[in-house]
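Q:
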Amino acid sequence: MCLAVPGKILSLKNNNAEVDFSGVRRQVSLDLVPDAKKNDYVLVHAGFAIQVLEPKEAEETLKIFAEIYGKDHADASGPLGHTNP
Amino acid sequence: MKNSDRFSSPLWRDRALGAAAVAEMEKLAPRAAALTGGRVNFMEVCGTHTMAIAASGMRKLFPPQLKMLSGPGCPVCVTSQGDIDRVLALAELPGVIITTFGDMLKVKGSRGLDLHAMRERGADIRVVYSPLDAVELAAAEPARQVVFIGVGFETTAPVIAGAVARAKAAGLKNFSSTAFFKLVPPALELLLSDPENRIHGFMLPGHVSAIIGLEPYRFVAEKYKVPCVVTGFEPLDILTGVNMLLRQVVSGKALVEDEYFRVVRKAGNPAAQRLMAEVFTVSAASWRAIGTVPATGLEFSSAYAGFDAVKRFKIPYRDAPEPKGCLCGGILLGKALPPDCKLFGKVCTPSNAVGPCMVSSEGACAAWFKYGA
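Each protein sequence line maps, in turn, to chains A and B.
Basically the numbering used here = 1-based index in the first sequence + 75.
Basically the numbering used here = 1-based index in the second sequence + 688.
1. Let's see if you can read the secondary structure: which residues bound the alpha helix (DSSP H) around H888 (chain B)?
2. Flag P846 (chain B) as yes if its beta-carbon sits less than 8 Å from any beta-carbon of chain A, otherwise no.
3. Pull up the distance between the alpha-carbon of M806 (chain B) and that of E877 (chain B), whole angstroms please.
4. Pull up the distance between the alpha-carbon of P698 (chain B) and that of M689 (chain B), whole angstroms please.
5. Provide the residue(s) that pair with N729 (chain B) in DSSP beta bridges, ordered along the chain.
6. Grouping DSSP H, G and I as helix and E and B as strand, with all else coil, what is K88 (chain A)?
7. Taking the C-alpha atoms as reference points, what is the distance between I1062 (chain B) and A1008 (chain B)?
8. For chain A, check one thing: does any of its Cβ atoms lie closer than 8 Å to the Cβ of I899 (chain B)?
9. If you draw a straight line from the alpha carbon of N957 (chain B) to that of G850 (chain B), how long is it in whole angstroms?
10. Can you list, in chain order, the residues of its chain with a C-beta nearer than 6 Å to that of R935 (chain B)? Leave out the 5 residues immediately preceding and following it.
11. Can you list the alpha helix (DSSP H) stretches of 4 or more residues lying completely in the stretch 752-838 of chain B, in chain order?
12. Along the chain, which unbroken stretches of the beta strand (DSSP E) at least 3 residues long are found entirely within the stretch 949-999 of chain B?
13. Closer than 7 Å by beta-carbon distance: list the chain A residues that pair up with A708 (chain B), in chain order.
14. Looking at C-alpha atoms only, which residue of B:R719, B:S1039 and B:L963 is the closest neighbour of Y992 (chain B)?
15. What are the start and end residues of the alpha helix (DSSP H) that includes K131 (chain A)?
16. Which term fits W700 (chain B), buried or exposed, when burial requires 16 or more other beta carbons within 10 angstroms of its beta carbon?
17. Under 7 Å Cβ-Cβ, which residues of chain B neighbour K83 (chain A)?
18. Can you tell me the Cα-Cα spacing of N691 (chain B) and P130 (chain A), whole angstroms?
19. Going along chain A, which residues have a C-beta under 7 Å from E1050 (chain B)?
20. Who are the Cβ neighbours of E945 (chain B) in its own chain at under 6 Å, not counting the five residues just before and after it?
21. Since V764 (chain B) and D802 (chain B) should fall inside the 8 Å C-beta cutoff, what is the C-beta to C-beta distance between them, to a whole number of angstroms?
22. Does the stretch 720-734 of chain B come within contact of the stretch 889-896 of chain B, defined as at least 3 CB pairs closer than 8 Å?
23. What's the call for G840 (chain B), buried or exposed, on a 16-neighbour Cβ count within 10 Å?
24. Rounding to the nearest angstrom, what Cα-Cα distance links L820 (chain B) and V80 (chain A) in this structure?
25. Is the number of C-beta pairs between the stretch 821-829 of chain B and the stretch 127-146 of chain A that are closer than 8 Å three or more?
26. State the Cα-Cα distance for the pair K1023 (chain B) and A720 (chain B), rounded to the nearest angstrom.
27. Between the stretch 106-116 of chain A and the stretch 79-94 of chain A, are three or more C-beta pairs nearer than 8 Å?
28. Looking only at DSSP bridge pairs, what is F863 (chain B) linked to?
29. Buried or exposed for G983 (chain B), please, with buried defined as at least 16 other CB atoms from any protein chain shown within 10 angstroms of its CB.
30. On the DSSP bridge assignment, give the partners of Y116 (chain A) in chain order.
31. Out of curiosity, what's the CA-to-CA distance linking T843 (chain B) and F123 (chain A)?
32. Check each candidate in B:V766, B:R703 and B:L1021 and name the one with the smallest Cα separation from S744 (chain B).
33. Name the chain D residues whose beta carbon is nearer than 9 Å to that of D791 (chain B)?
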């Protein structure tokens, strides 16, 4: 039930956005992410965006995976994950 | 890499990286198990994780010392039989339109009926993608009462809060919802306070945590000394989440770590938390197999009490027994796995499910039945 899918905001009016999910477009409410802007990536659950995503953080995760699991095209370092102090 | 590719890259499912992750797991698991009495038990507390683990086939690759349990993370599964009966009572009301996520259609009440059967008997039951669809339906059908069946955890509660707030702003008098919500941190405390508890680490739900952040889990690490890793849903996320938990066990640490930092921020989503706190307040909730526990769920706040479907239609709560022979309760508490149930795969299958862990597509039994152990 907690399935959520990333998509890109194509346009927005009031708090409603048109979001592209790899070619499929849907209306999405931005009531829970009031700061989202055009071209932002958002994570969508049941018609609402629940978080704004940073592509560079996804890239960073992939780089860390590549590094710790030994693929040669990695150039990031450091332990995976952010720890709650 | 294009921005859009980063979220759907095949690297998230890369075979060679996955094999390396499993190799690391094979090194870590015996060392961890040596510190935990021979076997290390982790629990995922999210039906989406249960499904992702089963669908990837990775359970077969787990080292023998590692046991991955499915906890109380499937919203339909944790909903008490008494609340399921209330859903069916709402569907019996003449003229009412019931709107729901599809998962709720086939959960049987204590009289053996489900929403699907009620529909065949003439009840108006519609599956929606979003609670906003239900609000739109209420606006389009002003002469009908539209009820949304709200169940779920902190991922879904703010979404339904958002829909209810829109209904209020639009002045809709014919929309209401149930608030059969459950909260993940108190569910963890229920498990941890059990003297028989043998859970050595929690794979925490990525999308619940996107809303609530990391702070609400701090007590798990500090008070109970149990490692926690907020984890994403791609195969490499899950393998890495397990390895991070193993590393905490091996090093004797208990921390709240965030593997899914591309989605989950330390503070969560404050706007969603505010909306959830405006529409709902913390309340007792009735859990399958556990019973009614104070401060483990949500109910409508006084400002939104008029949108509470069970109040509007005066549907009382009555305790109801679990289906006979069903082990769902023990499975939700991490005390049993689906094959331990005598009904599993014989009397109880997805096409003729006895208990909710088989009904819901993300229940532990449905996942084990569909994909095997």
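All C-beta atoms in this analysis are idealised placements derived from N, C-alpha and C, irrespective of residue type, glycine included.
A: Quick answer:
1. No alpha helix (DSSP H) holds H888 (chain B); DSSP gives it neither H nor E.
2. yes
3. 37 Å
4. 12 Å
5. B:K755
6. strand
7. This structure leaves residue 1062 (chain B) out entirely; chain B is present only between 689 and 1061.
8. yes
9. 14 Å
10. none
11. 763-766, 769-780, 803-808 and 819-828
12. 968-975 and 979-988
13. Y144 and G145
14. B:L963
15. P130 to I143
16. buried
17. S692
18. 6 Å
19. M76
20. V917 and M932
21. Not confirmed; about 11 Å, so no contact.
22. yes
23. buried
24. 17 Å
25. no
26. 20 Å
27. yes
28. B:V834
29. According to the sequence as given, residue 983 (chain B) is Ala; it is not Gly. A983 (chain B) should be labelled exposed.
30. A:K83 and A:L128
31. 10 Å
32. B:R703
33. No chain D appears in the structure shown, which is made up of the protein chains A and B.
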